[in-house]
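One structure is given below, encoded as structure tokens.
Numbering (UniProt numbering), first residue to last: 1 to 74.
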């Protein structure tokens, strides 16, 4: 897989690195509604695969419905 440059401004995150770089091996992005519907989405509470299965797809209509600032509707 190609390396992806992920920027993060949450400097108290375990995976935050110098120059606002995210050093996590994988990243899960969901809609804001999914976070409200699934409060167990905190780090370490569930295995990623099980969490993905539990929440399914999480459509968003605009960037304001997600924390992903690169969101672009299809």
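C-beta atoms are modelled at their ideal positions from N, C-alpha and C, and glycine is treated no differently.
1. Helix, strand or coil for residue 17 per DSSP?
2. What are the boundary residues of the alpha helix (DSSP H) that residue 34 is part of?
3. Pop quiz: residue 31 and residue 66 are said to be a contact at Cβ under 8 angstroms. What is the actual Cβ separation, rounded to whole angstroms?
4. Work out the CA separation of residue 3 and residue 36 for me, nearest whole Å.
5. Taking the C-alpha atoms as reference points, what is the distance between residue 5 and residue 61?
Put simply:
1. Three-state result, residue 17: strand.
2. Where residue 34 is concerned, the enclosing alpha helix (DSSP H) stretches over 32 to 37.
3. The C-beta separation of residue 31 from residue 66 comes to about 5 angstroms, placing the pair in contact by the 8 angstroms criterion.
4. For residue 36 and residue 3, the gap between their C-alpha atoms comes out near 31 angstroms.
5. Roughly 25 angstroms separates the two Cα atoms.
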